[in-house]
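Residue numbers (my numbering): 8 to 259. All C-beta atoms, glycine included, are put in the ideal place defined by N, C-alpha and C. Here the structure is laid out as structure tokens; the discussion comes afterwards.
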């Protein structure tokens, strides 16, 4: 049963990377199926991990309030520094998306303090991920100036924990640069992120680029939006072909 729970949550997280935004509820359903099992096993570490991932997939699927509840539950039952740090990173993201600036500030402060007490070797918890979450959260809570200041003061040399995080960070940094008026550098950064997102098959990140370039006065006249729409069409076609090849929708 532990193996089944782990398989379901891993599958849900993988779908969270590979599906477009309009299908992300499927990823949340799979992590939810893992949660139903984990809740009965008495394994606090497993339960905390599943709660953490399910909360994040709920957030991505648009159920931010429910995601925050699950993430807080995860933090209540797991005090391991690295895993707790990962939960704080995801809670900070959810707080920012829900517009809860005070909660976001509190949690990101805890992230920074936790980094000082641990090496931060968890995939979701490192200087790189905390920095990206702070940047995007400051933008989401209407503090563009602070985001620009933070971007300009960043130390070089931090490595992304996964290739997906490199794409995520580039899009966020491009957003900050565009708002600061450096559209040329922002467009170049988005082009690189778009190429990587296509290679890694990350439609959700391509959709982030489309939203960013669709904002009035942001990257106006740049070809990035058209390129992103073409990449998204290609990824949608790949997903449709993969579904058709099996004869049934494989992700329900």
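Beta carbon of residue i nearer than 8 Å to that of residue j
i           : j           : result
residue 226 : residue 193 : yes
residue 98  : residue 114 : yes
residue 45  : residue 88  : no
residue 180 : residue 158 : yes
residue 52  : residue 85  : yes
residue 155 : residue 100 : no
Selection from the options that minimises the alpha carbon distance to residue i
i           : options           : result
residue 54  : 11, 118, 142, 23  : 11
residue 241 : 220, 206, 221     : 206
residue 78  : 69, 245, 63       : 63
residue 151 : 186, 166, 125     : 186
residue 23  : 61, 9, 174        : 61
residue 171 : 49, 203, 179, 198 : 203
residue 31  : 144, 117, 13, 70  : 70
residue 107 : 139, 191, 149     : 149
residue 178 : 189, 246, 197     : 197
residue 68  : 19, 110, 43       : 19
residue 123 : 36, 66, 92, 65    : 92
residue 95  : 111, 25, 105      : 111
residue 36  : 47, 21, 50, 48    : 21
residue 73  : 33, 189, 220, 102 : 102
Contact set for residue i: own chain, Cβ-Cβ below 7 Å, skip 5 residues either direction
i           : result
residue 168 : 130, 133, 135, 136
residue 248 : none
N-terminal and C-terminal residue of the alpha helix (DSSP H) that residue i is part of
i           : result
residue 210 : 210 to 220
residue 207 : 190 to 207
residue 156 : 151 to 159
residue 182 : 170 to 186
residue 139 : 134 to 147
residue 116 : 108 to 124
Cβ shell of residue i (< 6 Å), same chain only, five flanking positions each side left out
i           : result
residue 259 : Since pLDDT at residue 259 reaches only 48, below the 50 mark, its modelled position is unreliable, and the value read off the structure follows with that caveat. None.
residue 235 : 201, 213, 216, 217
residue 16  : 38, 41, 57, 60
residue 143 : 179
residue 116 : none
Cutoff 8 Å; reference residue i; Cβ partners in own chain excluding five residues on either side
i           : result
residue 239 : 27, 210, 213, 214, 217
residue 255 : Residue confidence for residue 255 is low, a pLDDT of 48 falling below 50, so the modelled location carries little weight; the figure read from the coordinates is stated next. Closer than 8 Å at Cβ, skipping near neighbours: no residue.
Residue ranges of each alpha helix (DSSP H) run of no fewer than 4 residues wholly in the region 36 to 96, ordered along the chain? 51 to 67, 71 to 84
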